Amino acid sequence: MPPANPGSDVISANLRMMVGSMRIETRLEVSPHPIKPQQALPTLLRLVNAVVEETERQVERKGLKISCTKGCGACCRQLVPISDVEAHHLRALVDAMPPARRKVIEDRFAEASRRLQEAGLKAYMMAPTGHSPEEATEFGLEYYELDLACPFLEDESCSIHQDRPLVCREYLVTSPAANCSRLAEGEIDPVEVPKMSALARTLTDPSGNQSTRWTALSLALEWAAGHPERFPLKTGPEWVDAFLKAVSSIPKPDPPPIGPAPSAEKTTLSLNIPAGDVTAQQVLPAVFQLSTHAVGTGIAAVERVGKSVSCRPGCGACCRQAVPLSDVEAWSLVDLVEAMPEPRRAVIRGRFAEAERKLDAAGIAILDVHGQSRGTYNHLAKAYFDLYLDCPFLENENCTIHPSRPLACREHLVTSLPAHCSTMGLGLVEGIRSPPIAGALLRLTSEETPPKPRATLLPLLFRWLAGHPKSTVTRPAQQWIERLMSIQDALVKGDGGKPPS
648 MPPANPGSDV
658 ISANLRMMVG
668 SMRIETRLEV
678 SPHPIKPQQA
688 LPTLLRLVNA
698 VVEETERQVE
708 RKGLKISCTK
718 GCGACCRQLV
728 PISDVEAHHL
738 RALVDAMPPA
748 RRKVIEDRFA
758 EASRRLQEAG
768 LKAYMMAPTG
778 HSPEEATEFG
788 LEYYELDLAC
798 PFLEDESCSI
808 HQDRPLVCRE
818 YLVTSPAANC
828 SRLAEGEIDP
838 VEVPKMSALA
848 RTLTDPSGNQ
858 STRWTALSLA
868 LEWAAGHPER
878 FPLKTGPEWV
888 DAFLKAVSSI
898 PKPDPPPIGP
908 APSAEKTTLS
918 LNIPAGDVTA
928 QQVLPAVFQL
938 STHAVGTGIA
948 AVERVGKSVS
958 CRPGCGACCR
968 QAVPLSDVEA
978 WSLVDLVEAM
988 PEPRRAVIRG
998 RFAEAERKLD
1008 AAGIAILDVH
1018 GQSRGTYNHL
1028 AKAYFDLYLD
1038 CPFLENENCT
1048 IHPSRPLACR
1058 EHLVTSLPAH
1068 CSTMGLGLVE
1078 GIRSPPIAGA
1088 LLRLTSEETP
1098 PKPRATLLPL
1108 LFRWLAGHPK
1118 STVTRPAQQW
1128 IERLMSIQDA
1138 LVKGDGGKPP
1148 S
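Our numbering puts the sequence shown at residues 648 to 1148.
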């Protein structure tokens, strides 16, 4: 930033810079005098606002819409990591409130501290840097399960919106707002915003390590009290320049390959459906056909931006993850195994029996996994993955029933390195989003409104079948498909899978 005029209390500058692939233009004002970093924070907030606003414009140019609105408040119950600078800024903000208001806010912080202590999460939140990324993910899920509202939340809206933390500004979604409050039900489409909030953690850390110097917003006052402020004094431009140097480290994405523009025409699909009244199981091949078409469309979309699917025969990493099955798929796979010739059938049945034994021993032989909370299911999935339990149909790292494999397997495709799939909780896997056909199929055979989904783990399908005999309900195949698609549309819209009446 340019030097200040003699005697001036504010220095101004028009800033033009690249943040990743975005060109940002904004005007910054900061004190030219030696100040603490929290005093420079309003200037950094304006810069982050400019980045977020340009991100929103890019989203709108793609024909999408940010669904975050005042009064939602779902994300205000998630773990919000803030830098040490922001913690002291919030402490000063609360101290400046009128006494009655300050007492209300401080009481909320005290209640949050008490609940985190009871849940066994407080010690981690007060010293978060000594834990692995996997543990951080699990703590975040457990935090969400507490349904602990931000102390600044009023009527599902932020009461300090102008002063809210950096990370809150960066959290945007294009999926239905209702999905954010149903992490276990709906799917969330977050907007990729450059994470400048993480860069703020480097301001007071000489090593430039983003993983240090943070705490949870809900413990900000207590953390600030236990960590007396000893920040150095620097001029406003020096603080801004330090932050801009960190911003310059954000990589630019590789340009997409030069080629013909993708066609805007909608694709059509001719389904092969059986004639007459049939069961849902008899329509399954047509459902697989729908899934193949949807996945192919998703693959084409990522290839147009220069990425490629890294899944290959012989990988097999995802074949040791928890695979949820709909009742329709469970019935179909049981029929598939029972139709195998001996001794092949006995070999496969033996693998299922061994898998059941291991799941029983681990205490995770849960028949209906869809009824579990998000946090419980993630613990289950991690425990399952740690068992290193082969799918009973896996041989030589390849699927032996590939044409009949479940929808969850068909829809699991990644563009990240194959080796990353053998990790869990590190955030290294980049998946391809597909329409929720698997989620719709979970609800297909339920007559409840909205339909209650059912799902079991693949290795438990024989045990599950004992309590869930095949449905004999028949309908014209077209009605089954139309019902499936209406449930899928409802899921996309965030209606919990309730088909339109």
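Glycine included, C-beta positions come from ideal geometry on N, C-alpha and C.
Please read all numbers here as calculations on a predicted model, not as lab measurements.
Open item on the list: Among 725, 694, 1119, whose alpha-carbon lies nearest the alpha-carbon of residue 927?
Closed with: 1119
- [ ] Following the continuous alpha helix (DSSP H) through residue 729, name the residue where it begins and the one where it ends.
- [x] That residue, residue 729, is in no alpha helix (DSSP H); its beta strand (DSSP E) goes 728-730.
Open item on the list: So within the segment 1102-1137, which uninterrupted alpha helix (DSSP H) runs reach at least 4 residues, ignoring any that extend past its ends?
Closed with: 1108-1114
TODO: Check whether the Cβ atoms of residue 850 and residue 684 lie closer than 7 Å to each other.
DONE: yes
TODO: Could you tell me whether the segment 996-1014 touches the segment 1076-1093, using the rule of 3 or more Cβ pairs below 8 Å?
DONE: no
Open item on the list: Would residue 979 and residue 931 qualify as a contact pair, given that the criterion is a beta-carbon distance under 7 Å?
Closed with: yes
Task: Alpha-carbon to alpha-carbon, residue 957 and residue 905 - done: Low confidence applies to residue 905: its pLDDT is 38, below 50, so where it sits in the model is not reliable, and the reading given next is rough at best. Going by the C-alpha atoms only, they are around 21 Å apart.
Task: Three-state secondary structure (DSSP) of residue 967 - done: helix
Open item on the list: Just verifying my parser: in three-state terms, what is the DSSP assignment at residue 1023?
Closed with: helix
Open item on the list: Using the three-state DSSP reduction, which class does residue 804 fall into: helix, strand or coil?
Closed with: strand
Open item on the list: Assuming the contact rule is C-beta atoms closer than 8 Å, residue 1134 and residue 883 should be a hit. Round their C-beta distance to whole Å, please.
Closed with: At roughly 56 Å, the Cβ-Cβ gap does not stay under 8 Å, so residue 1134 and residue 883 are not in contact.
TODO: Compute the Euclidean distance between the alpha carbons of residue 972 and residue 768, then round it to the nearest angstrom.
DONE: 33 Å
- [ ] Please say whether residue 1102 and residue 1026 have beta carbons closer to each other than 7 Å?
- [x] no
Task: Three CB pairs or more closer than 8 Å across the segment 729-740 and the segment 863-877 - done: yes
Task: DSSP three-state assignment for residue 877, whether helix, strand or coil - done: coil
Open item on the list: Quick check on this structure: which residue in 826, 821, 934, 773 has the alpha carbon closest to the alpha carbon of residue 1125?
Closed with: 934
TODO: Could you tell me whether the segment 836-843 touches the segment 805-818, where touching means 3 or more Cβ pairs closer than 8 Å?
DONE: yes
Open item on the list: Check whether the segment 752-767 and the segment 714-721 are in contact - that is, three or more C-beta pairs closer than 8 Å.
Closed with: no
Open item on the list: Going by C-alpha to C-alpha distance, which of 1019, 1111, 1006 sits closest to residue 975?
Closed with: 1111
TODO: Let me know if residue 1020 comes out buried or exposed under the rule of 16 or more other beta-carbons within 10 Å of its beta-carbon.
DONE: exposed
Open item on the list: To the nearest angstrom, how far is the alpha carbon of residue 999 from that of residue 764?
Closed with: 42 Å
Task: Three-state secondary structure (DSSP) of residue 1042 - done: strand
Task: Alpha-carbon spacing of residue 772 relative to residue 755, whole angstroms - done: 17 Å
Open item on the list: Classify residue 674: buried if its beta carbon has 16 or more other beta carbons within 10 angstroms, exposed otherwise.
Closed with: exposed
Open item on the list: In the DSSP assignment, the alpha helix (DSSP H) including residue 917 goes from what residue to what residue?
Closed with: Looking at the DSSP string, residue 917 is not in any alpha helix (DSSP H), and its letter there is neither H nor E.
TODO: Taking only the alpha-carbon atoms, compute the straight-line gap between residue 900 and residue 951 and give it to the nearest angstrom.
DONE: Caution applies to residue 900, whose pLDDT of 48 falls short of 50 and renders its modelled position unreliable; the value that the coordinates give is listed next. Cα-Cα distance, rounded: 14 Å.
Open item on the list: Using a Cβ distance threshold of 8 Å, determine whether the segment 959-968 contacts the segment 1034-1050, with at least three qualifying pairs required.
Closed with: yes
Task: Residue environment, residue 909, which counts as buried when at least 16 other CB atoms sit within 10 Å - done: Residue placement at residue 909 is flagged as unreliable, the pLDDT there being 39, under the threshold of 50; the coordinate-derived value follows with that caveat. Exposed is the call here.
Task: Burial state of residue 1063, where buried means 16 or more other Cβ atoms lie within 10 Å - done: exposed
- [ ] Mind checking which residues open and close the beta strand (DSSP E) that includes residue 826?
- [x] From DSSP, residue 826 is part of no beta strand (DSSP E); its letter is neither H nor E.
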